[in-house]
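Scroll down for the structure; my scribbles are underneath it.
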Amino acid sequence: MACPLSDGIAEDHDQENDQLAEGMLYGEYLRLDKILTAQRLLSAEYNKEVHDEHLFIITHQAYELWFKQIIYELDSVRALFNSEPSNFGALNGTSNCHTSIQKNRISEVLDESRTLEILKRLNRIVLILKRKRTHH
425 MACPLSDGIA
435 EDHDQENDQL
445 AEGMLYGEYL
455 RLDKILTAQR
465 LLSAEYNKEV
475 HDEHLFIITH
485 QAYELWFKQI
495 IYELDSVRAL
505 FNSEPSNFGA
515 LNGTSNCHTS
525 IQKNRISEVL
535 DESRTLEILK
545 RLNRIVLILK
555 RKRTHH
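So the sequence shown is residues 425 to 560, counted in the numbering used here.
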């Protein structure tokens, strides 16, 4: 997946030298310093180290991030449902039959566009859930 803020920077790249918006590096943008140091091995702290604890933490942190993405997508779909189509009542200040037909067509296109965006976002959720199910 390419970074939405950068032209052509994909996930399989040299992270050290990639500049994003405003001279920010890839690792800075993703805040990798925080993510990669967010694993606290309690077993090691209590001198009873369990090797698989690290895998357990990483796996469950990844699940939590996917859940966060699902909530983000659902919130955006809810916002789309709650948003009102743009008001095209004052296209050019006239109210003839042609203008009325034009307004209806624009409204239909916007409704179709909004519906497609909702379906796209719901599809993302389905894909996330399918991925979780196959890797579980």
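C-beta atoms are modelled at their ideal positions from N, C-alpha and C, and glycine is treated no differently.
query, result
"Per-residue burial, TYR470 [other beta carbons within 10 Å of its own, 16 or more giving buried]", "exposed"
"Best match in HIS478, LYS458, ILE459 for proximity to LEU466 [C-alpha to C-alpha]", "HIS478"
"Backbone secondary structure at LEU449 - three-state DSSP", "strand"
"Alpha helix (DSSP H) segment containing LYS492, residue limits", "477-506"
"Chain-order list of residues whose beta-carbon lies under 8 Å from that of SER507 (same chain, five-residue window excluded)", "ARG538"
"Nearest-angstrom Cα separation, counted from SER500 out to ALA462", "28 Å"
"Continuous alpha helix (DSSP H) stretch holding LYS472: start and end", "No alpha helix (DSSP H) contains LYS472, which DSSP labels as neither H nor E."
"Local Cβ density within 10 Å of TYR496, reported as buried at 16 or more and exposed below that", "exposed"
"7 Å CB neighbourhood of VAL474 in its chain, flanking five on each side removed", "SER467"
"With 16 other Cβ atoms within 10 Å as the buried cut-off, status of TYR487", "exposed"
"Straight-line gap, LEU540 to ARG548 (C-alpha atoms, nearest Å)", "12 Å"
"Close-in-space but distant-in-sequence residues of the same chain around LYS504 (CB under 7 Å, 5 per side omitted)", "Inspection of the sequence shows that residue 504 is occupied by Leu rather than by Lys. Here the set comprises ARG538, GLU541, ILE542."
"Pairwise C-alpha distance: ASP535 and ASN516", "At ASN516, the pLDDT of 37 sits below 50, so the modelled position is not reliable and the matter cannot be decided from this model."
"When GLY451, VAL550, ARG464 are compared against ASP480, the one with the closest alpha-carbon", "The amino acid at residue 480 is misidentified as Asp; the sequence shows Phe. Closest option to PHE480, Cα to Cα, is ARG464."
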